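Participant: Residue numbers (our numbering): 877 to 1120. For each residue, glycine too, the CB sits at the ideal point set by N, CA and C. A quick note: this is a predicted structure, and the numbers were derived from the prediction, not measured.
1) Looking at the structure shown, is residue 1050 part of a helix, part of a strand, or coil, going by DSSP?
2) Out of 919, 995, 958 and 948, state which residue places its alpha-carbon closest to the alpha-carbon of residue 1065.
3) Any idea what DSSP makes of residue 1033, helix, strand or coil?
4) What did DSSP end up calling residue 917 once you bin it into helix, strand or coil?
5) Within its chain, find whatever has a CB closer than 8 Å to the CB of residue 1006; leave out the 5 residues flanking it on each side and keep chain order.
6) Taking only the alpha-carbon atoms, compute the straight-line gap between residue 918 and residue 1075 and give it to the nearest angstrom.
7) For the alpha helix (DSSP H) containing residue 1069, list its first residue and its last residue.
8) Mind the definition here: the stretch 1015 to 1030 touches the stretch 1050 to 1060 only if three or more C-beta pairs lie below 8 Å; say whether that holds.
9) With C-beta atoms as the reference, is residue 981 less than 9 Å away from residue 932?
10) I believe residue 1035 touches residue 912 by the beta-carbon criterion, under 8 Å. Please report the beta-carbon distance rounded to the nearest angstrom.
11) Please classify residue 963: is it buried, with 16 or more other beta-carbons within 10 angstroms of its beta-carbon, or exposed?
12) Please return the same chain residues whose Cβ sits closer than 7 Å to the Cβ of residue 1079, not counting the five positions on each side in sequence.
13) DSSP three-state call for residue 965: helix, strand or coil?
14) Restricting to runs no shorter than 4 residues, where is the alpha helix (DSSP H) found entirely within the stretch 958 to 1012?
15) With DSSP run on the structure shown, which of helix, strand or coil describes residue 1022?
16) Excluding the 5 residues preceding and the 5 following residue 956 in the sequence, name in chain order all residues of the same chain whose CB lies nearer than 6 Å to its CB.
17) To the nearest angstrom, how far is the alpha carbon of residue 944 from that of residue 1033?
18) Apply the 10 Å Cβ neighbour rule to residue 968 and answer buried if 16 or more other Cβ atoms are within range, or exposed otherwise.
19) Report the rounded CA-to-CA distance for residue 939 versus residue 1081, giving the unit in angstroms.
20) For residue 923, count neighbouring Cβ atoms within 10 angstroms of its own Cβ and tell me buried if that reaches 16, exposed if not.
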């Protein structure tokens, strides 16, 4: 005798019935995540880990080691960008980690070189002040662009993309000039010639481009782009206004 199991009352009578709302929400939640464990991101993290070693080397007057770490940082910065483009490993978190690594490196160099009197205190204050303002703006943008629910755990879960940074042209120029300044100041104690005059000129050029690039992020409408599904179909929100 064959027994037939009665059909569940929850089963849809129509095979073409649309999926439940909860299933759609789950699928959207899964699709909103991305793989953050890529080689470019790992290289970027390695630059961040190297920053404390770099700072200690400068404070201890070990400028040969500091120069080697700077070379490593520059090479990995080039390699991770190439790998991300060549093998399509770009990620939203990468657009956050890469500039964050640059800023941590820059902050480490700025503080330690100022302590060793290799760059003027006013120039260091301008560089650090700009980075503090942009960091506060980044925290605000992350919160406003994060899809609900806005919880502490989801805020720090960078596999949930919400907005990506779009560097402005002047910010790219400024980053290059800042790295040139920090690199030149780092190697200056071990050079056989005195470069005090050109180094001083470069310091104040960097001070000007730093102020300019900070203003470009605060006032440009395309400084970042919201990437959450809920934001599709409408223009990105403007960046926050600078504090009065």
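Facilitator: Let's see:
1) helix
2) 995
3) coil
4) helix
5) 1086, 1087, 1089 and 1090
6) 33 Å
7) Unbroken run through residue 1069: none, as it is neither H nor E.
8) no
9) no
10) 5 Å
11) exposed
12) 995, 996, 999 and 1057
13) coil
14) 968 to 991
15) coil
16) 916, 919 and 920
17) 33 Å
18) buried
19) 24 Å
20) buried
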